[in-house]
Amino acid sequence: MADLQELSDALCSGYVDRVKHITKELLENGTPSGTILKEGFIAGMDIVGARMSKHEMYLPDVLQSARAMKGAMEILQPYLKESGVKATGTVVLGTVKGDMHDIGKTIVGIMLQGAGMEVIDLGVNVPPEAFIEAIRKHSPQLVGFSALLTTTMLWMKKTIDAITTAELRDKVKIMIGGAPTSQRFADEIGADGYAHDAGGAVITARELIAGLKGTEVSSHIPKVAK
Amino acid sequence: MMATVRVQPPAKTPGLAISDSRQLMFGKCPNPVTCGFDLVIGNGTVFPEINFTLPQMTIEQTTWRNVTDHYREIGEAIVSTARRLRIPGIVVEFELLPPMTENPAWGAEVTRILSDRLRRGYEEDGLHSALRVTPVDIRDIVRPPNLRSGKEWDLMRRSFDQCARAGAHILSIESVGGKEVHDEALMYGDIAGIVFALGVLAPRDMEFLWRNILRTCREYGIVAGGDSACGFANTAMQLASQSLLPEVIAAIDRGASAVRSLVAVECGAIGPSKDCAYEGPILKAITGIPISMEGKSASCAHFSPVGNIAGAMCDLWSNESVQNIRLLSGSAPEAFLELLAYDCRLYNNALNTGRADVYRAMLVESDVRINVQALVLSPESTVRIADAIVSTTGHYRKTVAAALECCTVICEALEAKQLELSRSEMLWLKRTEESLQSLPENEDSFIASMMSAYGHLIDPSSYGL
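Sequence order for the protein chains is A and B.
Each residue of the first sequence is one higher than the last, beginning at 0 in numbering that gives the first Met the number 0.
Each residue of the second sequence is one higher than the last, beginning at 0 in numbering that gives the first Met the number 0.
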């Protein structure tokens, strides 16, 4: 009989069909959907993220694991919904106004999804008002800004100011990243966190969301049977 | 007086302009270009190409005066540094930032500031120079990109026109057609998707785009420089440098990207090619145009594993971009121009004293066995990849041929123990080569299969599909 460790291992290896098969088997055997999510999927993707950070896995391998998780999530989703299990957090991402650089932000989004978060990617050249609209619409715990140009990074501060003016600042944490940015810059503009790379973004996102909720992120996955 | 542009069409025959790798030399090319203020590029001298950008600031109406002050300051610094170091000639590249393309009058104003300063440098000090202007390709601001119509395309067209009128001597671009597919394919390490982007989508867009750029260049009597696979192969290079992507994918992507960059020349561009087009040596071998390259002197903008070898065949030597900030010595553009100037003195001393072969060998050998991306840029590899490209027809088949030749070059170097790769790199090399070999001969079949995988990312009308 398949177990959660086997599921996690198959996910790390990016075996799409195998992950789906084990997920079905675990559900049929009565394993709670929240447990499958936490101890199978998220645990597996945590290993993947750690291996990527240690340069033991390339991005295509990581994405293959993410693809396997996505396929199996389609099977798991109805059970999670029925059990009231929610995503570990909701994140709105976007490249700030004037900047069209995309790929780094996209990679971060995929890694956050792998960590069980719901990601709303607003794309590139996102003006402050679009971030505000997305915050109102999706009620995220975290908003992430990306920029690659020295002439667009200051739009991060402008966007934070706009979110503050809209009286939404205390409802979200803000994380930034991108080649010209740094922890010092994040501190200067009043962001809550900075991530140097995609692996770091997952860690920072978890910490920020946990801080906002005042508890461990993973504990938000209720251990309930389907 | 501004020199008349000497347009020498590159070789149209299936052969190579430079088929002997020993002739693929820095500072020399079969089709030199005369432009700007009496500057002859590729005729026995390597010149610096200085690039710069603004420091941390926004570009808005309220900051515009500050923006133009920066460019005036940069222009002064460049001319005075050139005078101090007795630089025999220089190319200055003004790469527009997005708001300057979105507001064509802004880009034109900065072009005029720089062009006027170079003119005075020529008239007062006899400084031979040319101003390359590179508007930003803003067409991918919407997804899927609308490449052939709409507001962004209209603004870009006007930006080229107004910059040409304001005093640009060379027009270039880093075009983005196909990038929306290439980014996705790169992330998944999918070589078929990479070939679709580089060999099908990008050439179709570039044929459309470069016909328009050429029209502007002819109208104003200025040089159509070239394009760059910056958004493609340089993205791969950067992902590989962060260990997110296998180095072999980045190396194969580089060789394959030459086919799409070649399209600009097929449309009438005569060089110098763009500095960030590391695929430039392949273009030089095929067409004989002068090329601009960047390597160790561009570490102010990004890191690369090809710092020395990138300069082995250059005609212009560039720093990619540096912010206009103060350093202990002076401004960063001044400091980097000094670095480039001393590099160029070495090139030119080697050329003038009959030691160019030795110097080129040192540049090549110091990098080529350390990194697979350097391997595909060696003069020998360059000629082999170029030969693979001209030995077949159609951009799709040429792209596959270039990619496969990269695989062969890498495999041979491994067998000869001239290069080492990790086990995972070897697996990716094998997987990629097998995928390339399994691609259909027929382009229509290939497009049909790719549209089912990537069609959701593109607007087919942008590519005439």
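Where is the CB? At the ideal position from N, CA and C, for every residue including glycine.
Next item on the list: Starting from the Cα of B/Ser320, find the closest Cα among B/Glu333, B/Glu59, B/Gly270 and B/Ile369 and give me that residue.
Entry: B/Glu333
Notebook entry, point to check: Smallest Cα separation from B/Ala223: which of B/Lys178, B/Arg253, B/Leu130 and B/Val194?
Noted result: B/Leu130
Margin query: Going by DSSP, what residue range makes up the alpha helix (DSSP H) through B/Ala385?
Written below: Pro378 to Val389
Check: Any beta-carbon of chain A closer than 8 Å to the one on B/Ile288?
Finding: no
Note to self: Below 8 Å on the Cβ atoms is my contact criterion, and I expect A/Leu207 with A/Gly189 to pass it. Report the Cβ-Cβ distance as a whole number of Å.
What the structure shows: The pair is not a contact, with the Cβ atoms about 14 Å apart (cut-off 8 Å).
Note to self: If I measure Cβ to Cβ from B/Lys178 and keep anything under 6 Å in the same chain, skipping five residues before and after, which residues do I get?
What the structure shows: Gly230
Checklist line | Which listed residue (B/Arg430, B/Met361, B/Leu113 and B/Asp366) has its alpha carbon closest to that of B/Ile248 | finding: B/Arg430
Check: When the Cα atoms are used, what is the spatial distance from B/Met24 to B/Arg359?
Finding: 7 Å
Notebook entry, point to check: Is any beta-carbon of chain A found at less than 8 Å from that of B/Arg214?
Noted result: no
Notebook entry, point to check: Using the rule of at least 16 other Cβ atoms within 10 Å of the residue's Cβ for burial, across every protein chain shown, is B/Arg383 buried or exposed?
Noted result: buried
Notebook entry, point to check: Measuring CB to CB, does B/His69 end up less than 8 Å from B/Asn370?
Noted result: no
Note to self: Could you tell me the alpha carbon to alpha carbon distance between B/Arg210 and B/Arg147, rounded to whole angstroms?
What the structure shows: 12 Å
Note to self: Can you look up A/Leu62 in the DSSP assignment and give me helix, strand or coil?
What the structure shows: helix
Notebook entry, point to check: If you measure beta-carbon to beta-carbon, which residues of the segment 217-246 of chain B are closer than 8 Å to chain A?
Noted result: Thr234, Leu238, Gln241, Ser242, Leu243, Leu244 and Pro245
Notebook entry, point to check: For B/Thr61, which residues in chain A fall below 9 Å Cβ to Cβ?
Noted result: In chain order: nothing, as chain A lies at least about 12 Å away.
Check: Which of the three DSSP states, helix, strand or coil, is assigned to B/Met292?
Finding: strand
Note to self: At the 8 Å Cβ level, is A/Val123 part of the contact set with chain B, yes or no?
What the structure shows: yes
Check: How is A/Ala133 classed by DSSP in three states: helix, strand or coil?
Finding: helix
Next item on the list: Note down, in chain order, each residue of its chain lying with its Cβ closer than 8 Å to the Cβ of B/Val78, except the 5 sequence neighbours on either side.
Entry: Arg116, Leu117, Arg119, Gly120, Asp124 and Leu126
Next item on the list: Closer than 8 Å, Cβ to Cβ, to anything on chain B: give me those residues from the segment 79-105 of chain A, in chain order.
Entry: Gly97, Asp98, Met99, Asp101, Ile102 and Thr105
Next item on the list: Have a look at B/Trp427, B/Ser460 and B/Leu464 and flag the residue whose alpha-carbon is nearest the alpha-carbon of B/Phe445.
Entry: B/Leu464
Item checked: Neighbour flag for A/Leu148 against chain B, beta carbons, 8 Å -> yes
Next item on the list: Please state whether DSSP places B/Tyr466 in a helix, a strand or coil.
Entry: No statement about residue 466 of chain B is possible, as the shown extent of chain B runs from 0 to 464 and does not include it.
Check: To which residues of the same chain is A/Ala114 closer than 8 Å at the C-beta, ignoring the five residues directly before and after it?
Finding: Ile41, Met44, Asp45, Gly48, Thr87, Val201, Ala204 and Arg205
Next item on the list: For B/Pro97, return the contacting residues in chain A, with the cut-off set at a CB-CB distance below 9 Å.
Entry: Gly97, Asp98, Met99, Asn124, Leu148, Thr150 and Thr151
Next item on the list: Show which residues of chain A have a CB atom less than 8 Å away from the CB atom of B/Pro54.
Entry: Thr149
Next item on the list: For the segment 191-273 of chain B, list the alpha helix (DSSP H) runs that are entirely contained and at least 4 residues long, ordered along the chain.
Entry: 201-219, 234-240 and 246-266
Check: Based on the DSSP output, what are the partners of B/Met24 in its beta bridges?
Finding: According to DSSP, which records beta bridges pairwise, B/Met24 is partnered with nothing at all.
Note to self: Residues in the same chain with beta-carbon distance under 7 Å from B/Leu456, minus the five sequence neighbours each way, listed in chain order, please.
What the structure shows: Pro143, Glu179, Val180 and Glu183
Margin query: Can you pull out the residues from the segment 44-65 of chain A whose beta carbon lies closer than 7 Å to at least one beta carbon of chain B?
Written below: His54, Tyr57, Leu58, Pro59 and Leu62
Item checked: 7 Å Cβ cut-off: residues of chain A touching B/Asp68 -> What B/Asp68 touches in chain A: nothing, since even the nearest Cβ is about 15 Å away.
Notebook entry, point to check: Would DSSP call A/Ile46 helix, strand or coil?
Noted result: helix
Margin query: On a Cα-Cα basis, can you pick out the residue from B/Phe51, B/Gly188 and B/Val91 that is closest to B/Gly166?
Written below: B/Val91
Notebook entry, point to check: Which residues, taken in chain order from the segment 319-332 of chain B, show a beta carbon closer than 8 Å to some beta carbon of chain A?
Noted result: Gln322
Checklist line | Between the CA atoms of A/Phe130 and A/Ile35 - distance to the nearest angstrom | finding: 33 Å
Checklist line | Whole-angstrom distance between A/Asp2 and A/Ala9, CA atom to CA atom | finding: 11 Å
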